[in-house]
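Below is one structure, written out as structure tokens, with a few remarks after it.
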Amino acid sequence: MASSAVVPRLAGEALRPNVLASANGLSSSRVAVTRHWRGRGVRCCTAGSSGGGAGAGAVVPGEEFVGFFREAWPYIRGHRGSTFVVVISSEVVSGPHFDRVLQDISLLHGLGIKFVLVPGTHVQIDKLLSERGKKAKYVGQYRITDKDAKDAAMDAAGRIRLTIEAKLSPGPPMLNLRRHGVIGRWHCLVDNIASGNFLGAKRRGVVNGIDYGFTGEVTKIDVSQIRERLDSNSIVVVSNMGYSSSGEVLNCNTYEVATACALAMEADKLICIVDGQIFDEHGRVIHFMSIEEADLLIRKRAKQSDIAASYVKVVDEEGINSLHKGDNGPSLSAKAHIINGYAAAFQNGLGFNNGNSIYSGEQGFAIGGEEQLSRSNAASFQNGLGFNNGNGFYSGEQGFAIGGEERLSRSNGYLSELAAAAYVCHGGVQRVHIIDGSVDGSLLLELFTRDGAGTMIARDVYEGTRMATAEDLPGIRKIIRPLEDSGVLVRRTDAELLEALESFYVVERDGSIIACAALFPFPEEKSGEVAAIAVSEECRGRGQGDKLLDYVEKVALSLGLEKLFLLTTRTADWFVRRGFSECSIESIPEQRRKRINLSRGSKYYIKQLQPKPAGVNANNFVIR
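Going by the numbering used here, the letters in the sequence shown line up with residues 16 to 639, in that order.
This is the structure in structure tokens:
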């Protein structure tokens, strides 16, 4: 997303740029499209275009659409068949953008993505209580659900479910399909919606002398029933209203339900659609954080924030964090400067409340209003139904929570969503996306463009990737020797490898080196040579080469390099698919040209690097 479309704003302020137009290179002041039929093609005119001839300013018919569609193509194929759990904040559900969010979900469902939707309800519950002359009651992060609040919660959940069913029922507009022939078969293109008693719960009970009434805690997710609905091509809606073993209806926490669903379903993604975005200090959206970076950032805030302190306690005491236990865990090279700033302290301007509003709970992981962040003794599920503590129920009082006025006022910004994302990634979900539902098309942009429109927190990116050390030499030699023997790589002696070792990066798994690559910078030419990319035979075909190349590209960017080049005799196709194009020897830095063995007949390839769209300053990381 173009940085010009993102401006700094306070929490809750609307940001509604013409994102899709901007992403396609169009001005937000786009003029009407002029169409000329009768076999003469279509001429699309935009602001600044005269609309005539093929001169400067003329736009090729459909060029923007074709370009966007081609960019989206690999993502369309990659996401097909995936399962996404989507939690939609109550602010978005009650706002003017909910219809568009559902429309985009319908579109994505038509492309083969499986959806489990968990809509928030606390805004609607509070509104209903107010209309009935009642007041919402919170203690810490929990709502006290008395009979009036329970009735309001049931009404709100029912209305939201019916709204979702109604909005997803029409399917695509029939008018747009008529030109493609008989439309009878298109009438079946409607989204089937499934809901039911997928959520088991128990009463929270009396805690510290406070009776929470009909407030519930999740005890099980009926994964088999949800999967059965998904496999029958339905969109599943999981309400936050759970059902107890005694037949009671209980008001559960939306984020607890969503995170429990994501973990139980082993979802490919958890997507949090909220009413804001995560920015850097320049007002630019931060598009990516690894779990290591998010974890470090939250830990940095632990001395000033109860939320961060609770996260650290849950992660460390429950043993789900491997990032800070010994030297064998995943790491990013300090030389690479990849994590500069992500472990930074938050500014006071973020509004993170240091008040003591954290209470312990007995459930998974939840955030928001009455919503709470916490977890069970183990993140694994037993038979897809309950948590793995032998009886399918939660035990202990491990809480990670925000709530009450703190959540409703957004005084803590979106730190809560970031903590939820890190928790779910620790539990095994590979990707979590935090996106702004008030930005039209943000879900599509997040999933189908390179940089997205929101913030992605990833579990497996660069896992185990680090700078090589002398101890890695035998492992590197083992990987590259077969490629040297076949002539794919230039043969290097152990002495030559050792001399170049500081330029090598490796991927380590279970104490073994499974992939390696080298980057040799030429700072004066702002270019670098990629060399010796190799993956162990047993790990090929699993994306390790792509991961390592992407890591090397980020290292190159951090060093101020603008392009990468390479010499190859046998692997040109692989690099072409990853953005390299053939070039002449004159494109290679002169210093490197003098050392080329021309007898090998190598081909030369080059790639222009694209800077990261948003950076993070070590002391000015901003969440709004």
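We put the beta carbon where it would ideally sit given N, CA and C, even for glycine.
Only a predicted model underlies this, so the values are computations on that prediction, with no experimental measurement involved.
Distance CB(residue i)-CB(residue j) smaller than 7 angstroms
{"i": "VAL108", "j": "VAL133", "result": "no"}
{"i": "ALA587", "j": "LYS618", "result": "yes"}
{"i": "VAL233", "j": "GLU271", "result": "yes"}
{"i": "THR178", "j": "ASN266", "result": "no"}
{"i": "PHE535", "j": "SER518", "result": "yes"}
{"i": "VAL447", "j": "LEU245", "result": "no"}
{"i": "GLU461", "j": "GLY452", "result": "no"}
{"i": "ILE293", "j": "THR470", "result": "yes"}
{"i": "TYR620", "j": "LEU581", "result": "yes"}
{"i": "ASP283", "j": "SER97", "result": "yes"}
{"i": "CYS440", "j": "ILE306", "result": "yes"}
{"i": "ALA549", "j": "LEU498", "result": "yes"}
{"i": "ALA309", "j": "ILE472", "result": "yes"}
{"i": "LEU183", "j": "LEU117", "result": "yes"}
{"i": "PHE130", "j": "HIS124", "result": "yes"}
{"i": "LEU579", "j": "ASP119", "result": "no"}
{"i": "VAL591", "j": "GLN559", "result": "no"}
{"i": "TYR157", "j": "THR230", "result": "yes"}
{"i": "SER210", "j": "ARG174", "result": "no"}
{"i": "ALA172", "j": "PHE463", "result": "no"}
The ligand GTP heavy atom lying under 6 angstroms from the CB of residue i
{"i": "LEU462", "result": "Questions concerning the ligand GTP fall outside what the structure shown contains, since it holds no ligand whatsoever."}
Terminal residues of the alpha helix (DSSP H) in which residue i lies
{"i": "LEU460", "result": "457-463"}
{"i": "TYR90", "result": "78-94"}
{"i": "LYS562", "result": "559-573"}
{"i": "PHE590", "result": "587-591"}
{"i": "VAL521", "result": "Note, VAL521: premise wrong, no alpha helix (DSSP H); beta strand (DSSP E) at 519-524."}
{"i": "GLN606", "result": "605-608"}
{"i": "SER431", "result": "430-442"}
{"i": "ASP283", "result": "Run containing ASP283: none; DSSP gives neither H nor E here."}
{"i": "GLU552", "result": "From DSSP, GLU552 is part of no alpha helix (DSSP H); its letter is neither H nor E."}
Rounded C-alpha distance that separates residue i from residue j
{"i": "ILE449", "j": "VAL251", "result": "20 angstroms"}
{"i": "ASN403", "j": "VAL329", "result": "Residue confidence for ASN403 is low, a pLDDT of 39 falling below 50, so the modelled location carries little weight and cannot support an answer."}
{"i": "VAL264", "j": "PHE84", "result": "46 angstroms"}
{"i": "GLY66", "j": "ILE288", "result": "For GLY66, the predicted structure reports a pLDDT of 42, less than 50, and the residue's modelled location is therefore unreliable. A value from the coordinates is still provided. Going from the Cα of GLY66 to the Cα of ILE288 covers about 39 angstroms."}
{"i": "VAL438", "j": "GLU281", "result": "A small fix is needed here, since residue 438 is Tyr in this sequence, not Val. Going by the C-alpha atoms only, they are around 14 angstroms apart."}
{"i": "ARG474", "j": "LYS541", "result": "31 angstroms"}
{"i": "LEU563", "j": "PHE537", "result": "20 angstroms"}
{"i": "ALA351", "j": "GLY224", "result": "Since pLDDT at ALA351 reaches only 30, below the 50 mark, its modelled position is unreliable, and the value read off the structure follows with that caveat. Going by the C-alpha atoms only, they are around 52 angstroms apart."}
{"i": "GLN413", "j": "ALA164", "result": "Confidence at GLN413 is low in this model, with a pLDDT of 30, below 50, so its placement is unreliable and no value can be given for it."}
{"i": "LEU624", "j": "LYS149", "result": "58 angstroms"}
{"i": "GLN297", "j": "LYS315", "result": "Note that residue 297 is His in the sequence shown, not Gln. Roughly 21 angstroms separates the two Cα atoms."}
{"i": "ARG524", "j": "GLU568", "result": "21 angstroms"}
{"i": "LEU338", "j": "GLY479", "result": "Any reading at LEU338 must be qualified, since the residue scores a pLDDT of 45, below 50, and its modelled position is unreliable; no value is offered."}
{"i": "LEU126", "j": "GLY456", "result": "16 angstroms"}
{"i": "SER596", "j": "ARG557", "result": "24 angstroms"}
{"i": "GLY2", "j": "ALA571", "result": "The structure shown does not extend to residue 2, since the chain is modelled only from 16 through 639, so no value can be given for it."}
{"i": "ARG615", "j": "THR584", "result": "8 angstroms"}
{"i": "ASP290", "j": "GLU577", "result": "36 angstroms"}
{"i": "GLY526", "j": "GLU486", "result": "11 angstroms"}
{"i": "THR484", "j": "LYS493", "result": "15 angstroms"}
{"i": "VAL100", "j": "ARG481", "result": "32 angstroms"}
{"i": "ASP226", "j": "GLY135", "result": "23 angstroms"}
{"i": "GLU385", "j": "ILE313", "result": "For GLU385, the predicted structure reports a pLDDT of 35, less than 50, and the residue's modelled location is therefore unreliable. A value from the coordinates is still provided. For GLU385 and ILE313, the distance between alpha carbons rounds to 22 angstroms."}
{"i": "ARG555", "j": "ASP561", "result": "11 angstroms"}
Segment limits, beta strand (DSSP E) that includes residue i
{"i": "GLU232", "result": "231-236"}
{"i": "ALA273", "result": "Segment 269-279 is the alpha helix (DSSP H) holding ALA273; no beta strand (DSSP E) there."}
{"i": "CYS531", "result": "527-537"}
{"i": "SER249", "result": "249-252"}
{"i": "ARG218", "result": "214-218"}
{"i": "LYS541", "result": "Premise fails: LYS541 is in no beta strand (DSSP E) and is neither H nor E."}
{"i": "ILE208", "result": "207-209"}
{"i": "ASP509", "result": "Taken as a continuous stretch (DSSP letters only), ASP509 belongs to no beta strand (DSSP E), being part of the alpha helix (DSSP H) at 509-514."}
Closer than 7 angstroms to chain D by CB, residue i
{"i": "SER105", "result": "Structure shown: chain D not included; a single protein chain is present."}
* Asked: Can we say the segment 434-447 touches the segment 249-257, given the rule of at least three CB pairs closer than 8 angstroms?
  -> no
* the segment 271-282 in contact with the segment 77-94 per 3-pair CB rule at 8 angstroms -> no
* Asked: Is the segment 204-220 close to the segment 135-145, with three or more CB pairs under 8 angstroms?
  -> no
* **Touching by the beta-carbon criterion (3+ pairs, under 8 angstroms), the segment 498-508 and the segment 528-542** => no
* To do: Report the residue ranges of all beta strand (DSSP E) runs contained in full by the segment 108-165; include only those spanning at least 3 residues, in chain order.
  => 129-134
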